[in-house]
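Under the numbering used here, think of the first position of the sequence shown as 566, with each following residue one higher. The beta-carbon is built from N, C-alpha and C at its ideal position, and this holds for glycine as well. Have a look at the structure below before the remarks.
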Amino acid sequence: MGAKMTIEQIDENFKLSTVKEEDVEWINANDTVFSLSGVFYDEKNARYARLDDETAQRISADLRVLATHTSGGRLRFVTDSPYVAVKAVIPKGWFMNHIPVVATYGFSLYADGRFEGIYTPDAVALMQAEKRFAFEGIRKFSSVKNRAVELYFPLYNGVEQLYIGVKKGSSIKKAACFDKWIVFYGSSITQGGCASRPGNDYAALVSRWLNVDYLNLGFSGNGKAEPLMAEYLASLHADLYVLDYDYNAPNVDYLATTHLPLYKKIREKNQNAPIVLISKPDFEYDAFASRRRDIIAETYQYAKKQGDKWISFIEGERLYGTFGRDGCSVDTCHPNDLGFYRIAETLLPVLKKYLGNCKSR
């Protein structure tokens, strides 16, 4: 019997890329030539994060962990390099049975708004690592020209160090600034579970289609609208808020107690910012889904009675559509890529109405 073959030997398209180019120039992702969105570099803790450690700790211990998951993080720049290489150091985190390693630990590359490939660690080597893991990868373009590059960070893990590799002598400059930005708040679905890779979650999709910046504050199992979280959201002064708050309320009474105060706190500090309320899409699998939807609808009706012209409510039943909706999740709860696409598609006209045709400057 011959030696056991691997899938990489059978099909070279499954090979993980490594950087063999001798003309590569490595640049720290914290260099000012790059534009960083959706996350910041926490110097004290030597890692990227969505929420500062002090604020996260004040809200909950779980949030302190989840704040280091880099969902929504993007590194943006313009280059004429024929390739973009990546070196990353990531902490060893969770392995889940319903979300790919590339979505949890990897990066997605976009150029001029088009997906160009992934950078992902070897799953076996990662599982054998003790606390952290370093990996590299390279994506080559078919031609040499200036491209607006956008690198999406991992959805369900952190990043400690990141370096970008371009061909020596290539031009590299900051990406154009965005005109407007959105804050998405919610649960694991908002965070991106279970997209196949970064960039395919609904917050990333709809923001890319609208060409706006965004901050993903989806926290797996912990979108609970705590008073301190409501205050933090209100302090951000976003151009638009999407409140995907429903799933993580432990019960209907908790949701009824917290949903309206969340809206009130944000509206108090952001009188003209549109607020879009969403209920859960997997309504047919939850006996209490109708009551939860009604609670969110009551917040919407309250706002309308107060004369709020900048409020919308999208019922979760609409998010997946009707045809083939049972194919939109991996576990009857978390969306797959089809589910995320349909959510983004449903949100698009509502957000576009509020934001208009935003152009980067």
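- Each residue's CA atom was taken as its position, placing residue 622 and residue 777 some 29 Å apart.
- For residue 826, the three-state secondary structure derived from DSSP is helix.
- In the structure shown, residue 746 adopts extended strand secondary structure according to DSSP, grouped into three states.
- Around residue 616, the same chain offers 632 as residues with beta carbons nearer than 6 Å, after the five sequence neighbours per side are excluded.
- The three-state reading of DSSP puts residue 659 in coil, since its state is none of H, G, I, E or B.
- Here the stretch 897-904 makes no contact with the stretch 859-876; the two share fewer than three CB pairs at distances below 8 Å.
- Taken atom to atom, the span from the alpha-carbon of residue 911 to that of residue 653 is near 35 Å.
- Between residue 608 and residue 655, the gap from beta carbon to beta carbon reaches 8 Å or more.
- Shown here, residue 915 sits in a helix according to DSSP, grouped into three states.
- Linking residue 600 to residue 739 through their CA atoms gives a straight-line distance of about 6 Å.
- Assignment of residue 684 by DSSP, reduced to helix, strand and coil, places it in the strand class.
- Bounds of the alpha helix (DSSP H) holding residue 756 are 753-756.
- By the C-beta criterion, the stretch 580-597 is judged not to be in contact with the stretch 750-767, since fewer than 3 inter-stretch pairs fall below 8 Å.
- If the five residues before and after residue 882 are omitted, its C-beta is found closer than 7 Å to the C-beta atoms of 848, all from its own chain and listed in chain order.
- Going by beta carbons, residue 761 and residue 785 fall outside the 8 Å limit.
- Residue 757 counts as buried, since no fewer than 16 other beta carbons sit within 10 angstroms of its beta carbon.
- The three-state reading of DSSP puts residue 865 in helix, counting H, G and I together.
- Excluding the 5 residues flanking it on each side, residue 789 has same chain C-beta neighbours closer than 6 Å at 813, in chain order.
- Under the DSSP assignment, residue 875 falls outside any alpha helix (DSSP H); it carries neither an H nor an E label.
- Contact between the stretch 727-742 and the stretch 685-698 is absent, with fewer than three C-beta pairs closer than 8 Å.
- Going by beta carbons, residue 729 and residue 611 fall outside the 8 Å limit.
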